Amino acid sequence: MRALLMCVLLLCVGPLFAAHAESDALAKDPITGLTAEKAVELGANRFVDLYGEKTQDETTIGMCGAALTYAQLRRYINDCATVKRTKKQQALIMTVRSCCIEIMTAYINVDEASSGGGTIHRVEWASGMIEVETTLGKVILSMEKPKPDPQGRRAAAKIFTALIANLHKLPTAYADDPESRNSWREQHDEAMRQLRAALPKLYRLLQALPDNSCSSLARFTSAASKVVE
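Here this note's numbering runs 19 ahead of the position in the sequence shown, where the first position is 1.
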């Protein structure tokens with residue numbers, strides 16, 4: 020129910036709501052009957068398919084509900100692993116999660132504001148939440164089993180540097196409709212402000228993370244940026 024409620028809110032107020040939202044952790048999904056462990060074992064794609072079979076809902080809200088539910092289940096696994104880390108590592112994990120959500124959301128908001136809207140952006144955000152928790156799981160695992168990967172760290176640095184340097188190349192706000200151009204410009208400006216803050220912040224956080232987590236975060240961030248292309 021929590022996932023479906025969030026989807027309804029997204030459809031009503033737009034993805035700017037999502038910039039400050041995080042999915043609750045979910046130990047067991049009442050729709051499929053799967054525990055978090057079984058859902059993650061099944062995988063995101065197969066879980067979403069199973070969820071759709073159970074609900075028979077192929078609407079935007081239905082697709083968002085399936086994706087957000089899996090993200091909640093994946094978060095439960097991550098949260099259980101997080102409490103086993105040191106207090107310093109726990110704080111770092113939470114900060115990384117917040118940065119990833121903000122970056123993913125901001126890129127989607129830029130894309131929506133530059134294209135003039137569309138419910139596809141809500142589905143993209145819900146799917147993006149899966150990627151956030153999947154990536155965070157890899158970060159947590161890297162803390163448990165750190166491995167040296169200087170080449171991966173250097174490659175990640177290049178990706179982040181390029182993304183930050185190319186922010187000015189992102190498309191401008193949609194202006195064809197006089198009645199909505201101001202709201203699109205406001206959304207675009209806010210999303211750009213978030214990107215200018217969150218991208219460098221996540222880049223700096225790499226210094227506190229093991230080498231083998233840098234590539235995962237770079238891939239996540241690079242993929243998030245491609246929604247605007």
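Glycine is no exception: its CB is placed at the ideal position from the N, C-alpha and C atoms.
Small disclaimer: the values here were computed from a predicted structure and weren't measured.
query	result
So which of Ser235, Pro219, Ala210, Met82 has the shortest CA-CA distance to Tyr126?	Ala210
Among the residues of its own chain, which have a CB less than 7 Å from the CB of Val246, if the five just before and after it don't count?	Tyr126, Ile127, Asp130, Glu143
Can you look up Thr180 in the DSSP assignment and give me helix, strand or coil?	helix
Between which two residues does the alpha helix (DSSP H) carrying Val158 extend?	139-163
Run the proximity test for Leu218: is its beta-carbon closer than 8 Å to any non-hydrogen atom belonging to the ligand ZN?	For the structure depicted, the ligand ZN is absent and the ligand set is empty, with no information on it obtainable.
Using alpha carbons as the reference points, say which of Leu53, Ala176, Cys233 lies closest to Pro167.	Cys233
Go through its chain and collect everything with a Cβ distance to Glu60's Cβ below 6 Å, but skip five positions before and after it.	none
Taking the alpha-carbon of His140 as reference, which of Val67, Asn231, Thr79, Leu53 has the nearest alpha-carbon?	Thr79
Taking DSSP's pairing of strands, which residues face Lys253 in a bridge?	Residue 253 lies beyond the range of the chain shown here (20 to 248); nothing can be said about it.
Which residue comes first and which comes last in the alpha helix (DSSP H) that contains Gly81?	79-101
I'd like to know if the region 112-127 and the region 203-219 are in contact, where contact means that at least 3 CB-CB pairs between them fall below 8 Å.	yes
Is Leu45 buried or exposed, if buried means 16 or more other CB atoms sit within 10 Å of its CB?	buried
Using the C-alpha atoms, what's the distance from Arg116 back to Leu92?	15 Å
Note down, in chain order, each residue of its chain lying with its Cβ closer than 8 Å to the Cβ of Val27, except the 5 sequence neighbours on either side.	Note that Val27 scores a pLDDT of 44, beneath 50, so its modelled location is shaky; the value from the coordinates is reported in the next line. These residues qualify, in order along the chain: Ile80.
Using the rule of at least 16 other Cβ atoms within 10 Å of the residue's Cβ for burial, across every protein chain shown, is Gln250 buried or exposed?	This structure cannot settle anything about residue 250, because the visible part of the chain is limited to 20 through 248.
Applying the criterion that 16 or more other CB atoms from any shown protein chain within 10 Å of the CB defines a buried residue, is Thr180 buried or exposed?	exposed
In chain order, what residues of the same chain lie with their CB nearer than 6 Å to the CB of Tyr222, ignoring the 5 residues before and after it?	Phe179
Quick check on the burial criterion: 16 or more other C-beta atoms within 10 angstroms. Buried or exposed for Leu186?	exposed
Mapping DSSP to helix, strand and coil, what is Asn185?	coil
Just the Cα atoms here: how many angstroms apart are Asp196 and Lys188?	22 Å
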